[in-house]
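Reviewing the structure listed below.
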Amino acid sequence: MFTADCLNINEKGRLTIGGLDTVALAGEYGTPLYVMDETQIRQNCRRYTQALERCYDGRGMVLYASKALSCKELCRIAAQENLGLDVVSAGELHTALQAGFPAERIYFHGNNKTPEEIRFALRENVGQIVADNLAELQTLSEEARAIGRSRVKILLRIKPGIDAHTHDFIRTGQIDSKFGFALETGEAMRAVELALRAERLDLVGLHCHIGSQIFEVDPFVLAAEVMLGFFAEIKARFGTELTQLNLGGGMGIPYDEHDEARPYEAYLEHAVAAIRESCARLGLRLPTLLLEPGRSIPGPAGITLYTVGAVKEIPGVRTYVTVDGGMGDNPRYMMYGAKYKALCANRAGEEASETVTIAGRYCESGDLIQEFTPLQPVAPGDVLAVLSTGAYNYSMSSNYNRVPRPPIVMVKEGESRVIVRGETLEDMCRNDCLRQG
Ligand SMILES: *Cc1c(COP(=O)(O)O)cnc(C)c1O
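Remember, this note's numbering sits 11 above the position in the sequence shown when you count from 1.
Here is the structure:
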């Protein structure tokens, strides 16, 4: 019935997370409220690190893609779990450094890093930069020279031409993406040549990221094969054997009971088998393997609690259940129709006998969390829980309508603590400048 091990129902019939009563949490901290379970987050990290250890003798690193949820506490947990970290902006990099994340395990991504961001990353000695385009290779060389760095380790982001977004994933040769270098056009090979020739750059490997919320294993296997094929072409052409293969993130998580939670080991097992086979066939050494899970680290470990306000039944049309949050804390249904499971936290054990549309409090008709979704009968004052909101919710939140962002509360071993404070009304105008006089 639930999307994560950390969720359950107690003797009062209420939803619990990490053993704590969600109705009590809503009472203590107010709503809307993001709640996360630390044990679940750590378990999600360990599934990857243990799988890498078991399937590939630990020859690699699991990087947490921090865009899924960037805050100091998540960085601290990822560091403790021996993960590396992906950042895509100065803000995410700053957050990681403030949390004491070891710079050498940070990878700097992004399709349009500014020269200032690149300088910041080089000064802080981040482990590697994942270069996206030719202009960036140029900027990287210039910034490395400017600060006297002799060898900047880089990866190149490659478009392997695999579209894993459709249900039946396809090898499209797709080059219409703003991210990375295309293989088919020869652009990727040109970038390799430039990177190998660049004085201050040290090209160590290649990166690809084929999509998100992927449940099939085959796209990852195909990506590994395509990438290693390119490793072999590079070796034949330049005599250089790259040592790192980064297969990106994108592993799917359950958003409701219809999504089957796939053990992450399965992705790795199959990808590793393909890597071993390809390397043997192509005469390559086994590369260091990097994985970049984002969603699947915090996603299932988080829920959002709301208080139900007005319930509007429009006969013959639909019933709107309005909550005290919405697109400001979770824009994902509005943006791309993302699926979520909701339940009434104070009647979690009852049958979801109604079909409702959950609407937010923001001044947009499209401000919906889910449409025509099953729910227990609810009334104003009930607590509504939306599951699997740990990733891409807080990180995509906004202050539309000047509504303060909710806090994030972390639950662990029967205790709860705030890890990101909720914003105040004062925060809503803290950057406003009033003309004097
Ligand atoms: C978004 C992204 C990830 C993480 O993707 P998930 O679907 O959250 O696992 C990893 N790597 C890159 C380059 C990304 O853009």
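In this text, a Cβ means the ideal position worked out from N, Cα and C, and glycines have one as well.
Spatially closest choice to residue i from the options, by CA coordinates
i    : options                   : result
G138 : A157, L96 and G305        : L96
S364 : C374, Y347 and T384       : T384
V34  : A370, V215, T315 and L293 : T315
E244 : I117, E127, L398 and E204 : E204
G458 : S77, G240, K124 and T330  : Given that the chain is displayed from residue 12 to residue 448, the structure contains no residue 458 and the question cannot be resolved.
I419 : E280, P309, A157 and C17  : P309
D270 : R130, Y403 and K350       : K350
N123 : A101, E195, E22 and A277  : A101
T366 : Y344, T125, D340 and I325 : I325
F131 : P391, L151, I52 and I380  : L151
N144 : E128, R201, Q387 and R343 : R201
L411 : N136, E434 and E424       : For clarity, residue 411 is Tyr in the given sequence; the question names Leu instead. For the residues N136, E434 and E424, the minimum Cα distance to Y411 belongs to E434.
V422 : G313, T14 and L258        : G313
L94  : L85, V73, N442 and G111   : V73
I88  : G71, E64, P113 and Y67    : P113
F13  : I221, A272 and I186       : A272
R287 : A37, T50, Q51 and C66     : C66
Y275 : G260, T42, E252 and C355  : G260
N136 : E127, Q61 and K164        : K164
R168 : C290, L395, H218 and S161 : H218
R416 : G425, E426 and N404       : N404
A79  : P304, G337, V332 and I380 : P304
P171 : E198, A157, E153 and E147 : E198
E424 : G24, M47, K23 and G38     : M47
H281 : Q61, S289, T60 and V232   : V232
A370 : V397, K83, L31 and E22    : V397
Q54  : Y45, Q91 and N21          : Q91
D252 : Q447, L297, T125 and S406 : The residue asked about is misnamed: residue 252 is Glu in this sequence, not Asp. Nearest C-alpha to E252: L297.
G333 : G327, C355, G348 and Y347 : What sits at residue 333 in the sequence shown is Thr, not Gly. Nearest C-alpha to T333: C355.
Y373 : P311, D393, R413 and A390 : R413
G71  : T27, E84 and Q255         : Q255
D16  : D340, Q51 and A193        : Q51
Residues bridged to residue i [DSSP beta-bridge criterion]
i    : result
F190 : DSSP output for F190 lists no bridge partner at all.
S427 : V422
L302 : V73
K164 : D213
G121 : None; G121 has no bridge partner.
Q139 : Y118
A396 : L316 and L354
V98  : F119
I169 : F192
Any non-hydrogen atom of ligand 1 closer than 7 Å to residue i Cβ
i    : result
R211 : no
D97  : yes
E303 : yes
R116 : no
S399 : no
R201 : no
G102 : no
Q224 : yes
A76  : yes
G259 : yes
A390 : no
S307 : yes
M407 : no
M262 : yes
A79  : yes
A272 : no
A402 : yes
H269 : no
H120 : yes
H220 : yes
CB contact below 8 Å: residue i versus chain D
i   : result
L96 : Within the model displayed, chain D is absent; a lone protein chain is all it includes.
Output the residue ranges of the alpha helix (DSSP H) runs that lie fully inside the segment 17-88 and measure 4 residues or longer, sorted by chain position. 33-40 and 49-67
Just to confirm the assignment: which complete alpha helix (DSSP H) runs, minimum length 4, are found wholly within the segment 191-272? 198-208 and 229-249
So within the segment 307-392, which uninterrupted beta strand (DSSP E) runs reach at least 3 residues, ignoring any that extend past its ends? 313-325, 329-334, 353-355, 365-370 and 379-386
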